[in-house]
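Below is one structure, written out as structure tokens, with a few remarks after it.
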Amino acid sequence: MKDPEFRAAYDALEEEFSVAEAIIKARAEADMTQEEVAAAMGTTQTAVARMEGGHLPSTRTLQRFADATGTRLRISFEPVRRKASR
Numbered sequence: 001m002k003d004p005e006f007r008a009a010y011d012a013l014e015e016e017f018s019v020a021e022a023i024i025k026a027r028a029e030a031d032m033t034q035e036e037v038a039a040a041m042g043t044t045q046t047a048v049a050r051m052e053g054g055h056l057p058s059t060r061t062l063q064r065f066a067d068a069t070g071t072r073l074r075i076s077f078e079p080v081r082r083k084a085s086r
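Each step along the sequence shown adds one to the number in full-length UniProt numbering, with nothing skipped, and position 22 is 22.
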């Protein structure tokens with residue numbers, strides 16, 4: 001990605017994509033539909049679809065999702081790779 005504006009926009013959305021990807025993966029591994037997860041969470045299928053679509057849920061909602069899918073919520077901070085200076 002050579003265009004700096006495109007790169008900045010992509011980087012800004014990367015966290016949302018990774019959260020959505022993790023949510024989709026957890027639901028698939030639990031072999032549950034969006035409707036089943038929603039029922040276990042006490043919410044709607046639309047809310048689950050929004051989470052899978054990239055809407056960033058609160059940590060409380062993420063914990064309810066983890067409980068519903070039989071998974072453990074883990075949030076971590078990782079060092080950012082810095083570009084070497086020339």
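Quick reminder that beta carbons are idealized off the backbone N, C-alpha and C, glycines included.
Source: prediction; values computed, not measured.
If we ignore side chains and look at the alpha-carbon of each, how far apart do Arg27 and Arg64 end up? For the purposes of this step, residue 27 is taken as the residue at position 27 of the sequence shown. For the purposes of this step, residue 64 is taken as the residue at position 64 of the sequence shown. Each residue's Cα considered, the two are about 13 Å apart.
Any idea what DSSP makes of residue 93, helix, strand or coil? For the chain, the structure presents residues 1 to 86; residue 93 sits outside this window and is missing.
With contact counted as at least three CB pairs below 8 Å, one residue from each stretch, are the stretch 64-81 and the stretch 16-32 in contact? At 8 Å Cβ cutoff, the stretches touch.
Does the contact criterion of 3 or more C-beta pairs under 8 Å hold for the stretch 50-65 versus the stretch 16-23? yes
For Ala39, report the span of its alpha helix (DSSP H) as first-last. Mapped onto the sequence shown, residue 39 falls at position 39. Counting along the chain, the alpha helix (DSSP H) containing Ala39 begins and ends at Gln34 to Met41.
Contacts around Ala40, its chain only, beta-carbon distance under 7 Å, and the 5 residues preceding and following it disregarded: Taking the first residue of the sequence shown as 1, we reach residue 40 at position 40. Within the same chain, Ala40 has close Cβ partners Ala68.
From Glu14 to Gly54, what does the alpha carbon distance come to, in whole angstroms? Start at 1 with the first residue of the sequence shown, and residue 14 comes out as number 14. Start at 1 with the first residue of the sequence shown, and residue 54 comes out as number 54. Taking the straight line from one Cα to the other gives about 10 Å.
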